[in-house]
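Protein sequences appear in the order of chains A and B.
Once you know that position 147 of the first sequence is 147 in the working numbering, the rest is easy, because the numbers rise by one and skip nothing.
Once you know that position 16 of the second sequence is 1016 in the working numbering, the rest is easy, because the numbers rise by one and skip nothing.
Even for Gly, the Cβ is constructed at its ideal location relative to N, Cα and C.
Computed from a predicted structure; not experimentally measured.
Input: a single structure, listed below in structure tokens.
Protein chains: 2
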Amino acid sequence: MAKLDFRDELTGDEKKAVVAASGKVVSFRAGEDMSLQHSKPSHSLLVASGIAARYSLVESGERQITALHILGDFVDLHAFLLTKLDHGVSAMTDVVAVQFPHAALNQITQQHPHLTRMLWLSTILDGAIHRQWLLAMGRMSALAHMAHLFCEQYTRANVVGLVEGKSFSFNLTQTHLADAMGLSPVHVNRTLQELRRRSLIDWEDGIMTVLDWNALQELGQFDDAYLDAVNRPR
Amino acid sequence: MAKLDFRDELTGDEKKAVVAASGKVVSFRAGEDMSLQHSKPSHSLLVASGIAARYSLVESGERQITALHILGDFVDLHAFLLTKLDHGVSAMTDVVAVQFPHAALNQITQQHPHLTRMLWLSTILDGAIHRQWLLAMGRMSALAHMAHLFCEQYTRANVVGLVEGKSFSFNLTQTHLADAMGLSPVHVNRTLQELRRRSLIDWEDGIMTVLDWNALQELGQFDDAYLDAVNRPR
DNA sequence: CGCCACTTTGAAACAGTTCAACGTCAGTGG
DNA sequence: CCACTGACGTTGAACTGTTTCAAAGTGGCG
């Protein structure tokens, strides 16, 4: 709720509508599928804890992760208007999520224009993140790409209060990271070593620590403007 | 209007609201910027003819195109809810576009829930296309990526009736294509030659002709489901 | 203890880049 | 009417970032 409230305050009525629209709380084990590609889920999932990923597969069996989601993110809000989900959703870590039945979301769009815009905004921000990933994959070296990704994850974790000191929980495997960046696990390993060698980050036991934010930001050409973390009327 | 109407029919009232929301018609020369990154436009642009691209720049000056837009596409509808545009918009060819003032779009969200959902859907489809591009960039060879891109462009052109026979207007330079695919112009040239050598496509004078759709689709692992070209209540 | 998932390492191979040159064609101006 | 220019496409050769393959190291857990 704090997250939804973040970019423009919701009225009491709107908050009640959100709570009323929420359904069951569901848990997933690390590695478990949360939604299947080409399915038509009857609800969308809001992450309450853990890390979830959207992914697609290629014929050879390789996987591309197209988004990572943490506390407060709707993983597949867009499924509400789509005929079929265009990607799978998988739990990277153990995940707890809240279901929002599509009928209830539809109800919100009928009755709460401002709240609807805020939900719409959340899918628009997903799009902005996709574009940043495209830029990083297409025109950045593996090293810069990784720096950018870590800056993004740090910033997003920070928005929802998941950063403590300079650290946040980032409990993925290097193979997951490879799938997110479109690289091989081997090269991810070597790139990671380079970031560690330069003392930009530390990543142990699922805890990512940013040792030198300025250097990391510069290396990854990271500008947080696209995350639009600004509170204003919308 | 036909495009907006395509995935779920609009009522007469809704169509009137769209027409009422439209503003000036504006023209751009090939190469001209239509919107600047980091600006806050007061209106969004709907393409009426030509090809527009969203792009971002990297420090070295290289460009990544993150989306291509043709007739019926909103290029930057999302700008309506964002504080700043996270990308630039450039005219690839001569472009004619219609402005939709953000105040008018806001008005639509207040009064027309169903129409709002249809506009929301159009930004969601942009997201689905972004994800497909991520998959292609991350996990496909240049050849498969290019095949995929051409399948997508063909299908989207077809939806808005821009395909004649097996051909559609695709008046970009190879350098534009390189910017869209995250490759060097030289490699785009060679990849293109390979597609021509295999007689999958022909591309001359800005006209793209798909000579062997099945082979192209298979090579690019293209499945049009993500474009969600289905008419149903939403 | 042994297994399994994950990380790390080395060496060879490769897809795609870079650089530099040349070709082609349309537009422009003398 | 021709020479000049500039944008775009094509080619060749050397180079490099990343992949692939294979093996070994590490650590948690039943």
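Between A:Q37 and A:S49, the gap from beta carbon to beta carbon reaches 8 Å or more. Proximity of A:T155 to chain B, defined by a Cβ-Cβ separation below 8 Å, is not satisfied. With fewer than 16 other CB atoms across the displayed protein chains lying within 10 angstroms of its CB, B:I1207 is exposed.
Here A:T123 is not near B:R1117, since their CB atoms are 8 Å or more apart.
Per DSSP, reduced to three states, the secondary structure at A:L68 is strand. Sequence-distant partners of A:I201 (beyond 5 residues in either direction) whose C-beta falls short of 7 Å from its own C-beta, in its chain, are F150, L195, M208, T209, V210, L211 and L216.
With a threshold of 8 Å between beta carbons, B:E1009 makes no contact with chain A. At a cut-off of 8 Å between beta carbons, B:P1185 makes no contact with chain A. Across the region 122–139 of chain A, CB contacts with chain B closer than 7 Å involve T123, I124, D126, G127, A128, H130, R131, W133, L134, L135, M137, G138 and R139, in sequence order along the chain. Those residues of the region 191–225 of chain A placed with their C-beta closer than 8 Å to a C-beta in chain B are Q221 and A225, ordered along the chain.
Within the region 108–191 of chain A, the complete alpha helix (DSSP H) segments at least 4 residues long are 113–139, 142–159 and 174–181, listed from N- to C-terminus. A check of alpha carbon separations from A:G23 across A:S44, A:G31 and A:E14 identifies A:S44 as the nearest. In this structure B:G1127 does not touch A:H69 by the C-beta definition: roughly 14 Å separates them, more than the 8 Å allowed. Spanning the alpha carbons of B:A1142 and B:V1188 requires a straight line of approximately 8 Å.
A residue is called buried once 16 or more other Cβ atoms fall within 10 Å of its Cβ, and B:T1173, having fewer, is exposed.
When the Cα atoms are used, A:D8 and B:N1231 turn out to be separated by approximately 34 Å. Within the region 28–100 of chain A, the beta strand (DSSP E) runs of at least 3 residues that lie entirely inside it are, in chain order, 33–35, 43–49, 52–57, 63–69 and 88–91. A Cβ-Cβ distance of about 5 Å is found for the pair B:R1054 and B:H1087, placing them in contact under the 8 Å criterion. With respect to A:F170, A:Q153 sits close: the two C-beta atoms are nearer than 8 Å. Assignment of beta-bridge partners to B:D1202 by DSSP yields B:T1209. Comparing alpha-carbon positions, the option among B:F1222, B:V1163 and B:R1234 lying closest to B:L1135 turns out to be B:F1222.
The bridge partners DSSP lists for B:V1230 come to none. Distance from the Cα of A:A17 is smallest, within the candidate group A:M1, A:S35, A:L71 and A:S199, for A:M1.
For the pair A:E14 and A:H102, the CB atoms are not nearer than the 8 Å cut-off. At a beta-carbon threshold of 7 Å, the residues of chain B lying near A:H78 are I1124 and G1127, ordered along the chain.
For A:H176, the closest Cβ of chain B is not nearer than 8 Å.
The C-beta of A:L82 comes closer than 8 Å to at least one C-beta of chain B. When the Cα atoms are used, B:S1090 and B:V1047 turn out to be separated by approximately 12 Å.
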